[in-house]
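Structure first, then comments.
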Amino acid sequence: MNVSQGEISPSTTTPEDRAGGGVTPPPVAPVAARRPPRGGRWAQRAEIAVLAGPALVVFLTFVIVPVVMAAYYGFFKWKGFGPPTEFVGFENYLIIFRDPEFLAALGHNAFIVIMSLVLQGPVAVVVALMLNRRIRGRSVIRVLVFVPYVVSEVIVGTGFSLMLATTGAVNDLLERIGLGFLTVDWLADPDVAIWTLLLIITWKYIGFAVILFLAGLQGIPDELGEAAAIDGASYWKTQRYVTLPLLGPTVRIWAFLSIIGSLQLFDLVYIIWGQYVASTAGTSTMATYMVANGRNAGNYGYGSAVAVVLFLISLAVALVYQRYVLRRDTEGAITEGKK
């Protein structure tokens with residue numbers, strides 16, 4: 001039947017079509033993935049080179065190249081001027097691990113690493129939890145806690161070296177308040193000096209840990225604590241079972257920074273104790289040993305070998321820590337890692 005213009009054509013669908021089995025549309029051919037034009041790829045590479053190039057040049061110039069040069073000079077007995085000519089091979093490295101002074105300095109670094117975590121970590125967590133609550137003068141307290149961290153190490157070292165001297169302010173104060181029996185040689189007594197160093201380090205760097213933990217606490221939703229309180233959990237149980245587990249990634253990052261900083265500790269020890277008193281007082285570190293037996297002794301080849309050993313120890317600790325502690329944080333959730 002012919003349908004004239006303006007007429008409605010009758011439906012040509014069958015009952016099967018009306019029941020839902022209509023005509024299947026023809027398959028659509030897949031659209032080929034469009035490749036970016038060659039000019040676009042070169043533009044992306046040029047952009048990456050412009051943005052990352054300067055940082056890469058700085059990293060290679062001030063990190064990789066000095067490490068390679070130190071490793072090279074470590075094989076020579078070199079006075080620091082002219083090209084090194086007296087090749088000694090691994091003799092410098094063998095002397096390092098046979099020297100009791102270096103082994104003692106290594107032990108001091110290990111002790112500082114452990115005790116810094118033990119002293120600073122719990123105190124910083126408690127202070128951060130207190131400052132995370134709404135209390136009067138919270139902003140002022142935060143500033144006062146963080147101020148020691150931004151003060152120069154030279155100022156801190158000079159100030160404490162004057163206050164803790166035998167005739168310094170601390171012993172004088174103890175004498176005036178009737179506690180003269182507590183006066184000791186805070187800087188020269190081998191039984192006390194290492195603990196003096198730990199207290200100075202704790203006072204200097206605990207502000208950084210507190211601020212870091214406060215930043216981590218800001219990322220924990222308040223709804224979790226409110227839900228725990230509704231379930232009947234006390235404040236301290238909420239912090240123990242809700243807040244602290246969620247603060248774990250921040251704590252692990254801080255611990256990593258604290259470990260690396262303790263292994264490379266130099267400035268405070270060198271300013272307060274100097275290059276010679278540090279070894280007799282029991283506060284020498286690998287970095288102060290490197291300066292005292294390298295640059296100050298005129299043996300730059302040996303000092304370079306010590307620098308390489310210090311770098312390798314720090315690198316090994318960093319890799320092991322990242323492999324066994326930070327791996328869960330870098331890979332994502334625990335369930336994702338298990339998959």
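In terms of UniProt numbering, the sequence shown has 11 at position 11, counting the first letter as 1, and numbering is strictly consecutive.
By construction, the Cβ of each residue, glycine as well, lies at the ideal position given by its N, Cα and C atoms.
Which residue comes first and which comes last in the alpha helix (DSSP H) that contains P122?
-> That run of the alpha helix (DSSP H) goes P100 to L131.
Cβ-Cβ distance between Y93 and P84 below 7 Å | Not a contact, by the Cβ cut-off of 7 Å.
Per DSSP, which one or two residues make a beta bridge with F76?
-> Under DSSP, F76 forms a beta bridge with F87.
A165 (DSSP reduced to helix, strand or coil) | Three-state result, A165: coil.
Pull up the CB-CB distance for Q120 and S258, whole angstroms please, since I reckon it's below 8 Å.
-> Right, their Cβ atoms sit about 7 Å apart.
Thinking C-beta only, is V269 closer than 7 Å to T285?
-> In contact: T285 and V269 (Cβ atoms closer than 7 Å).
Might you give, ordered along the chain, the residues of its own chain that have their beta carbon closer than 7 Å to the beta carbon of T283, omitting 5 neighbours on each side?
-> These residues qualify, in order along the chain: H108, A193, I194, L197, V269 and W273.
Excluding the 5 residues preceding and the 5 following V125 in the sequence, name in chain order all residues of the same chain whose CB lies nearer than 7 Å to its CB.
-> Leaving aside the five residues that flank V125 on each side, the residues in its chain whose CB is nearer than 7 Å to its CB run, in chain order, F213.
CA-CA distance, D172 and F160?
-> Each residue's alpha carbon lies about 14 Å from the other.
Answer yes if the region 302-310 comes into contact with the region 215-226, meaning at least three C-beta pairs across the two stretches below 8 Å, and no otherwise.
-> Fewer than three Cβ pairs drawn from the region 215-226 and the region 302-310 lie within less than 8 Å of each other, which leaves the two stretches out of contact.
Candidates I201, V57, K77 and I48: which alpha carbon is nearest A297's?
-> Minimum Cα distance to A297 is reached at K77.
Straight-line Cα distance separating M115 from R96 | In the sequence as displayed, the identity of residue 96 is Ile instead of Arg. About 25 Å.
L131 and R142: beta carbons closer than 7 Å?
-> Closer than 7 Å, so yes.
Residue ranges of each alpha helix (DSSP H) run of no fewer than 4 residues wholly in the region 200-274, ordered along the chain?
-> If we require 4 residues or more, the alpha helix (DSSP H) runs fully inside the region 200-274 come out as 222-230, 235-238 and 248-263.
For Y149 and P100, the rounded distance between their alpha carbons = One alpha carbon belongs to P100, the other to Y149, and they sit about 33 Å apart.
Hey, F256 and Y324: beta-carbon distance below 7 Å or not?
-> No; because the gap between Cβ atoms is not below 7 Å, this pair is not in contact.
Can you have a look at S234 and say buried or exposed, based on whether 16 or more other CB atoms are within 10 angstroms of its CB?
-> Here S234 is exposed, its C-beta having fewer than 16 other C-beta atoms within 10 Å.
Skipping 5 residues on each side, what residues in its chain have a beta carbon closer than 6 Å to that of G207?
-> Around G207: V145, F146, P148 and Y149.
Considering only C-alpha positions, which residue in the set V140, V277 and G82 is nearest to P190?
-> Checked all of V140, V277 and G82; the closest Cα to P190 is V277.
Taking only the alpha-carbon atoms, compute the straight-line gap between S314 and Q264 and give it to the nearest angstrom.
-> In a straight line, the C-alpha of S314 is about 8 Å away from that of Q264.
Spatial distance of L224 from L247 (CA atoms) = Those two C-alpha atoms are separated by around 13 Å.
G21 burial status per 10 Å Cβ neighbour count (16 or more: buried) = Any reading at G21 needs caution, since the residue's pLDDT is 49, under 50, leaving its predicted position unreliable; the model's value is listed next. By the 10 Å Cβ count, G21 comes out exposed.
Could you spell out where the alpha helix (DSSP H) holding L310 opens and where it closes?
-> Where L310 is concerned, the enclosing alpha helix (DSSP H) stretches over Y300 to Y324.
What three-state label does DSSP hand L197 in the structure shown?
-> DSSP places L197 in helix when its eight states are reduced to three.
With 16 as the cutoff for other CB atoms within 10 Å, does M69 come out buried or exposed?
-> By the 10 Å Cβ count, M69 comes out exposed.
Contact belief for Y289 with A105 at Cβ below 8 Å, rounded distance in angstroms = About 4 Å; that satisfies the 8 Å criterion.
Just how far apart, CA to CA, sit residue 342 and D185?
-> In the structure displayed, the chain extends from 1 to 339; residue 342 sits before or after that span and is not available.
What span of residues does the alpha helix (DSSP H) with V184 cover, start to end?
-> Run containing V184: none; DSSP gives neither H nor E here.
Nearest-angstrom Cα distance between E86 and A71?
-> Distance between the alpha carbons of E86 and A71: 15 Å.
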